[in-house]
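Protein chains: 2
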Amino acid sequence: MQAPSAPTAEKIADHLTEAVHEHKVLPGMKLSEDEVGEIYSVGRTVVRQALRRLAHDGLVTIERNRGAFVAKPTIKEAREVFEARALLEPRITHAAAERSTDADIALLHRHIDDEHAAVHAGNSGMALKLSGQFHIEIARIADQKTIETFIRQLISRSSLVIALYWRRRNALCESDAHHALVDALHAHNGEAAAELMREHLRDLVTQLDLRDQPEQFASLKDALLSP
Amino acid sequence: MQAPSAPTAEKIADHLTEAVHEHKVLPGMKLSEDEVGEIYSVGRTVVRQALRRLAHDGLVTIERNRGAFVAKPTIKEAREVFEARALLEPRITHAAAERSTDADIALLHRHIDDEHAAVHAGNSGMALKLSGQFHIEIARIADQKTIETFIRQLISRSSLVIALYWRRRNALCESDAHHALVDALHAHNGEAAAELMREHLRDLVTQLDLRDQPEQFASLKDALLSP
DNA sequence: AGGGGTAGGATTGTGTACAATCTAAGTCTG
DNA sequence: CAGACTTAGATTGTACACAATCCTACCCCT
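Just so you know, the protein sequences line up as chains A and B, in that order. Residues in the first sequence are numbered from 1 upward in steps of one, following this note's numbering. Residues in the second sequence are numbered from 228 upward in steps of one, following this note's numbering.
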């Protein structure tokens with residue numbers, strides 16, 4: 001059962017973003033306009049809008065006359081992403097703790113359950129996506145749309161970073177951290193929640209391999225022209 | 228001497244962004260595709276890309292089948308913008324203080340001089356743009372591209388906020404604050420620089436009128452027909 | 001056989017035509 | 001005369017066609 005009505009550019013961008021979060025599409029993969037257009041049954045015009053939006057989010061790199069490719073963040077960019085998250089998320093978590101309602105807490109618990117289920121089913125892609133959505137959900141609870149947008153972008157790029165630099169394929173971020181976080185949110189304990197988020201992000205980074213020298217170049221030319 | 232060659236979408240977006248920073252184009256103003264296209268001598272296709280990029284930056288609101296309008300941030304959004312700045316900029320300033328070179332300091336001094344000159348010449352638009360660029364320059368010095376991008380967006384939206392909610396038209400943010408900041412950067416005193424930035428942003432917010440009910444109008448007509 | 005050059009195919013960049021939709025003026029009616 | 005309806009104009013949404021550019025494969029020459 002295909003989608004008969006043509007999706008809008010925004011829908012396509014969101015769907016592709018989800019696919020990145022699930023590691024269905026991986027860094028470096030080419031996103032041909034014709035191909036994407038055929039998948040969603042739309043013309044290239046709409047695909048183009050979606051791809052440019054993804055490029056603006058840092059998920060896709062558009063090379064002139066060559067096409068769109070899923071971005072491959074460098075080590076430096078990867079560090080920046082997590083530094084930015086370390087800056088934004090604890091604060092937003094603090095704010096979320098003060099505003100969280102029972103409905104919010106229930107939703108977060110469901111997220112955690114789904115995550116557990118996905119891990120148990122061996123669906124690591126789904127688990128990863130849910131793990132990201134958990135962080136986005138916290139930003140939503142804080143009711144700060146501006147920063148929420150930033151965090152969305154950061155989590156999308158985090159998915160790329162994890163795809164590239166994760167150490168052990170199987171071991172996923174233990175959602176114990178998520179569980180403790182929800183407890184702190186439920187207790188409206190902003191300080192504790194912020195601290196838990198800080199630790200959680202630190203743990204995440206330590207499970208990445210961001211040592212100084214992988215530094216892959218796209219082409220020989222880039223490698224030679226680089227200092 | 229005009230530019231005969233057709234500018235790219237990115238150039239047009241940057242140019243329009245500058246115009247917003249200078250308050251040459253104001254919130255609510257309509258950006259017709261044909262009109263913009265004629266100004267830059269490009270087809271609607273390219274204009275469209277530029278407008279959608281601006282929309283993604285929050286500078287423009289696109290209403291389906293109605294067109295693109297310069298965004299009019301609400302009070303809530305205005306507060307969020309400055310809360311986000313208060314969160315990001317002190318930290319980035321701290322980082323900038325540790326990395327600033329003599330060339331950077333010289334560039335910042337030139338910025339301040341230009342700003343003074345603009346104020347003296349009564350060119351408040353130019354002064355405002357330079358004031359914004361000053362903040363962007365600091366982010367650049369910190370060498371954190373990810374956060375720099377966020378700050379760029381925030382400063383663009385700040386221009387809109389200032390256009391809508393600034394109290395006294397003439398009084399501009401005293402660049403004494405900027406001067407003191409550069410001194411702290413030059414001394415590589417991160418803590419002091421961060422604190423100065425915090426105060427500077429606080430001062431900025433206090434000069435805005437963000438009280439709860441400025442009664443925003445959807446159209447010019449509504450605004451004029453209202454007392 | 002290796003290297004360079006060239007022609008062909010494929011993919012993206014841009015302008016333009018047509019369809020969909022909204023805005024506004026004009027008309028008709030109570 | 002006010003209000004609702006209709007119609008014409010203008011503007012955006014989308015698809016398509018052509019131009020520009022790049023990649024690949026083949027060929028020729030040394």
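Virtual Cβ for every residue (Gly too), placed ideally from N, Cα, C.
Asked: Chain A contacts from the region 362 to 382 of chain B (Cβ-Cβ distance under 7 Å); Found: Q371, K372, T373, I374, F377
Asked: 8 Å Cβ cutoff, E304 of chain B in contact with chain A; Found: yes
Asked: For V47 of chain A, three-class secondary structure by DSSP; Found: helix
Asked: Bridge-paired residues (DSSP) for G294 of chain B; Found: B:E290
Asked: Close-in-space but distant-in-sequence residues of the same chain around A246 of chain B (CB under 7 Å, 5 per side omitted); Found: V252
Asked: Segment limits, alpha helix (DSSP H) that includes D102 of chain A; Found: 102 to 120
Asked: Cutoff 7 Å; reference L357 of chain B; Cβ partners in own chain excluding five residues on either side; Found: H338, D341, E342, A345
Asked: For L435 of chain B, three-class secondary structure by DSSP; Found: strand
Asked: Identity of the residues DSSP links to K30 of chain A by a beta bridge; Found: A:F69
Asked: Closer than 9 Å at the beta carbon, the chain B residues around V205 of chain A; Found: In chain order: nothing, as chain B lies at least about 15 Å away.
Asked: Per-residue contacts from A194 of chain A into chain B (C-beta, under 9 Å); Found: Within 9 Å Cβ-Cβ: nothing; A194 of chain A doesn't reach chain B, min ~12 Å.
Asked: Proximity to D403 of chain B [Cα-Cα], best of B:E265, B:S268, B:S259, B:L423; Found: B:L423
Asked: V60 of chain A: contacting residues in chain B (beta-carbon distance under 7 Å); Found: Result: empty, since nearest Cβ-Cβ is about 13 Å, beyond 7 Å.
Asked: A420 of chain B and A313 of chain B closer than 8 Å at C-beta; Found: no
Asked: Short CB-CB distance (under 8 Å) between R337 of chain B and chain A; Found: no
Asked: Segment contact, 8 Å Cβ cut-off, at least three pairs: the region 300 to 314 of chain B with the region 260 to 273 of chain B; Found: no
Asked: Endpoints, alpha helix (DSSP H) assigned at R367 of chain B; Found: 351 to 369
Asked: Extent of the continuous alpha helix (DSSP H) to which S383 of chain B belongs; Found: 372 to 392
Asked: Positions along the region 292 to 322 of chain B whose CB lies within less than 8 Å of some CB in chain A; Found: E304, E307, V308, E310, A311, L314, L315, R318
Asked: Closest by C-alpha distance to Q434 of chain B, when choosing among B:R394, B:I332, B:I382, B:L335; Found: B:R394
Asked: Beta-carbon proximity check, H362 of chain B vs I378 of chain B, cutoff 8 Å; Found: yes
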